[in-house]
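Participant: Sharing a structure, written as structure tokens. Questions coming.
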Amino acid sequence: MIFDWIARVTKEHRNKVITIFALLTAIAAYQGSKLRFEGDVSSLLPEEDTRLYREIIDQVGSQADLVILLEGEDPEQLALAAEKFRSTMAKHPNVKSVTYRPKMEGPLPQEYAPRLSPAEMTQRLIVVREKLKKGLIDIAVKEDPLGIKEDLAREARKRFSGFRFDLSDGMLYAPNRKAILVIIAGHKKPHDLEAARSTYDLATSISVPVRVSMTGGYAVAVVMQETIRSDFFNTGIFSIVGVTLMFLFGFRRLRAIPFAAIPIGVGTILTLGLTQMIYERLTPITIVFAPMLVGLGIDFPIHFYNRWRAEGDIRKAIAGFGPSVFAAALTTSAVLWCLAPSRLNAYRELGVIAGCGVLLTLAATLFLCPIIGSKVKNIQAPRFNITRLGSQVFPLLILFTLAMTVFASKGIRFQGDAANWVGHAPVFQTQVRIANLFEGTLETVFFLSRSEKEAEELKPKLEQLVDEGVFSGVAPAYPPLRSPTFQTDFANALSNAGFRKGAFTDYSDWIQERLQADAPKLLVSVGMLKERVREREHREKIHTQISEATGIEFTGGTVLTQSLDNTFREDAQRATLHAAIAILFITLILLRKIHHTFFALIPVIFGAIWTLGIMNLIQIQVDPLSVTVFMLMGGISIDHGIHMVSRAKQIGGEHASAELFRPIVLTSGTSLIGFGSLITATHPMVHSFGTTVMIGISAGLFATILILPVLLAKAFPRKTG
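So in our numbering, spot 154 of the sequence shown is number 856, and the numbers just go up one at a time.
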């Protein structure tokens, strides 16, 4: 038998086992050190949902990769601060442009082609010449004889009429002139974390005597990366230390510390290395695998140690505890693997990482614990008659269950406000302040036109959405104007109008630059949303309005959020159903009898009802991560049920409940500590996940120790084998 073989190998080849695990752990630690941390919502979604978004961002980029909001009482001081940011940031190799004083840059639209025809230029210059003779011309006409700059400025004001800018000085002032925007576009995209960080770090190093706030793709990427990294290490370390101390408290022996810490530490590091090899990154959802493994994996050393103390012999301990703990690990892993078929990258990655991690931690326990605890003596653990307590409170528990069933019948309450998924970090608060100050947001919607005709037809539709208050401004796509003979035609027009050679040189050079400006690789029109779109119903309304008005595919941050919202609901429900089927199927195979399987499922059934009832009672809403609570609660609770039923078949229900009371309380307590560490996380989804899982674990624990013993005592009144 496999467990006899493990006992023999760990006894006869102790040094080889240690060497192999030490080598694997070192390699995994090295690999794990190269993991990336990504907080971009697009990293959570399937590729088909982000295809258009990434195509546009990669080919065209964003014009607001970093947005700096400067606030103060003195407009002149704000202008000086903005200029300091411009001059400093322009030196960074990744910075493409820095704007606080908007300029008419980029290629000219094709609609200006008639304006640049030789006849039209000649006619306009003749008019300018006549006005000059009569002294009727102003400085603006001298600087813009063909009227192109004036038309461009008029068009820009029209397109961005939804924003409230004070452009009297040509700067992006707020109407009260107590705030100004500096908008930075980079060559690299926000998901290029190295470029985003170096650009963001330079901006944060600039010292000015006004209030500085930052947002935009670079700022969000860097802040979210720091948040995820910090939460990962803090919760991981807290959970390992916490469960080890809980283990020590439960068994009250110092030698229990390495018995608990080494296998879960090795299992976690091996999983880190595997994660780097497969995915190379961690996201806001997958970072929870570390405390998850600690909370789940500590169960193996607890049951091993408890059985070893009772048996006093390594072979008997492994043979006795091996099958049931392997079954428990298999069901837990299977539950987690039910996330693997999900469309969401985040669920798929979490299922594979955590599912493999449980088995790796089990392997570390089976091979290392016999070596660590080779001198454990036979110590009969004290037993607590939990069956008697369960019998006394059983009627109350049934009433409680009925009450929770009423609340549970309302179903799962989903969190519809996407702002609560990412939190209220300063980068997001800055977005709110900008929206309040300028009555327009920086949330963009992209439209990709496949032809020049489609782009031209889209333009009035976007302007209509500005009039309807959906967009605060739009920037329609247009094919660039090219005129290889412009300089010659302009010189001839000057001569025909009676101007000397070389007149308006700066103006003609400006037009020539526009005619040679880089054309965008894609015809992308941009709309900037008038209001922040947070609630699910609001998103659906806005997207429907945009879709009906334009009739073409569009993408952007709100579209990705909506895709995540829809997908996680569908995937979570499907994965939970698959997990329930897997739990039932595997438990039936292991226990072989239907009524034994039913008893093992008692903690799962009652725990799920209590968990959902309590969540609805205290109005907890689930997000893309916390919605998996029912899968995890089921995976943990079924472990308790399998251990209890397996042992009840051997020594009777009452004795099994008494013997396993301590390890079950310990395993649940350590799981509570492991998952409870997530409550300290700053990322809202991770924090919410910790809260909901703690409710689920507690519900499963009380169902196991208060309801199941009563039923097992009647079903297995004496030792059956």
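Glycine residues also receive a C-beta, built at the ideal position from the N, C-alpha and C atoms. These figures come from a predicted structure and were not determined experimentally.
Please classify Q1082: does DSSP put it in a helix, a strand, or coil?
Facilitator: Confidence at Q1082 is low in this model, with a pLDDT of 49, below 50, so its placement is unreliable and the value that follows should be read with caution. DSSP places Q1082 in coil when its eight states are reduced to three.
Participant: Within the same chain, show all residues whose beta-carbon is closer than 7 Å to that of R1349, passing over the 5 residues directly before and after it, in chain order.
Facilitator: A1358, E1361 and L1362
Participant: Consult DSSP for L811 and reduce its assignment to one of helix, strand or coil.
Facilitator: The displayed chain sequence assigns Pro, not Leu, to residue 811. Strand, per DSSP.
Participant: Going by beta-carbon coordinates alone, are T1394 and I1381 separated by less than 8 Å?
Facilitator: Contact: no.
Participant: Closest to L1139 by CA distance: which of Q1214, G774 and S745 is it?
Facilitator: G774
Participant: Expressed to the nearest angstrom, what Euclidean distance is found between the alpha-carbon atoms of E852 and A1157?
Facilitator: 23 Å
Participant: Using alpha carbons as the reference points, say which of A963, D846 and Q978 lies closest to G997.
Facilitator: For G997, the nearest C-alpha among the options comes from A963.
Participant: State buried or exposed for Q978, treating a residue as buried only when at least 16 other CB atoms are found within 10 Å of its CB.
Facilitator: buried
Participant: For the alpha helix (DSSP H) containing K798, list its first residue and its last residue.
Facilitator: Run containing K798: none in the alpha helix (DSSP H); it sits in the beta strand (DSSP E), V797 to T801.
Participant: Per DSSP, which one or two residues make a beta bridge with L739?
Facilitator: Inspection of the sequence shows that residue 739 is occupied by Phe rather than by Leu. Its beta-bridge partners are L984.
Participant: Quickly, what does DSSP pair M1346 with across the bridge? List them, please.
Facilitator: DSSP output for M1346 lists no bridge partner at all.
Participant: Is it buried or exposed for L956, if we count other Cβ within 10 angstroms and need 16 for buried?
Facilitator: Within a 10 Å sphere around the beta-carbon of L956 sit fewer than 16 other beta-carbons, which makes this residue exposed.
Participant: Measure the C-alpha to C-alpha separation of H889 and N936 and round it to an integer number of angstroms.
Facilitator: Taking the straight line joining both Cα atoms gives about 34 Å.
Participant: When you compare each of L848, A821 and V769 to A898 by their alpha carbons, which one comes out closest?
Facilitator: V769
Participant: Pull the bridge partners of A881 from the DSSP assignment, please.
Facilitator: E773
Participant: Could you tell me the distance, in whole angstroms, from the CA atom of Y755 to the CA atom of G1258?
Facilitator: 6 Å
Participant: Less than 8 Å between the beta carbons of D933 and I987, yes or no?
Facilitator: Not in contact: D933 and I987 (Cβ atoms no closer than 8 Å).
Participant: Taking the straight line between their C-alpha atoms, what separation do you get for A1179 and S799?
Facilitator: 19 Å
Participant: Inspect the beta-carbon positions of T946 and V797 and report whether they are closer than 8 Å.
Facilitator: no
Participant: Anyone know if the C-beta pair for T1278 and M1333 falls short of 8 Å?
Facilitator: yes
Participant: For V1078, I'd like the list of residues in its chain whose CB is within less than 8 Å of its CB, leaving aside the five on either flank, ordered along the chain.
Facilitator: Any reading at V1078 is ruled out, since the residue's pLDDT is 47, under 50, leaving its predicted position unreliable.
Participant: Would you report the Cα separation of V1129 and I759, rounded to the nearest angstrom?
Facilitator: 20 Å
Participant: Evaluate the contact criterion for the region 1311 to 1320 versus the region 1100 to 1109: three or more CB pairs, one atom per stretch, below 8 Å.
Facilitator: yes
Participant: Output needed for A1221: all residues of its chain with C-beta closer than 8 Å, excluding positions within five of it in sequence on either side, in chain order.
Facilitator: P809, P1181 and P1182
Participant: What residue range is occupied by the uninterrupted alpha helix (DSSP H) comprising A1417?
Facilitator: L1410 to A1417
Participant: According to DSSP, is E1237 helix, strand or coil?
Facilitator: E1237 carries a strand assignment under DSSP once its states are collapsed to helix, strand and coil.
Participant: Within the chosen definition, does the region 1381 to 1390 reach the region 1063 to 1077 through at least 3 CB pairs nearer than 8 Å?
Facilitator: Output reads no: the region 1063 to 1077 does not touch the region 1381 to 1390.
Participant: Which two residues bound the contiguous beta strand (DSSP E) that contains S1174?
Facilitator: Counting along the chain, the beta strand (DSSP E) containing S1174 begins and ends at F1173 to A1177.
Participant: For a test of the three-state rule: what should DSSP assign to S915, helix, strand or coil?
Facilitator: strand
Participant: Along the alpha helix (DSSP H) that carries M1387, what are the first and last residues, could you check?
Facilitator: Membership of M1387 in the alpha helix (DSSP H) is indicated by the continuous run P1386 to F1404.
Participant: Hey, quick one: how far does the beta strand (DSSP E) through F1256 stretch, first residue to last?
Facilitator: F1256 to G1258
Participant: Quick one: is G1427 buried, meaning 16 or more other Cβ sit within 10 Å of its Cβ, or exposed?
Facilitator: The displayed coordinates of the chain run from 703 to 1423. Any statement about residue 1427 would go beyond what the structure contains.
Participant: Any chance the CB of W1312 is under 7 Å from a heavy atom of the ligand FMN?
Facilitator: Within the structure as shown, the ligand FMN is missing, as the structure has no ligands at all.
Participant: Which residue from V914, F991, P1162 and A1193 puts its Cα closest to that of Q1131?
Facilitator: Comparing Cα positions, the closest option is V914.
Participant: Alpha helix (DSSP H) containing G1229: first to last residue?
Facilitator: Element bounds for G1229: not the alpha helix (DSSP H) but the beta strand (DSSP E), L1225 to L1231.
Participant: Among N1268, T1107, V711 and G999, which residue has its Cα nearest to the Cα of I971?
Facilitator: G999
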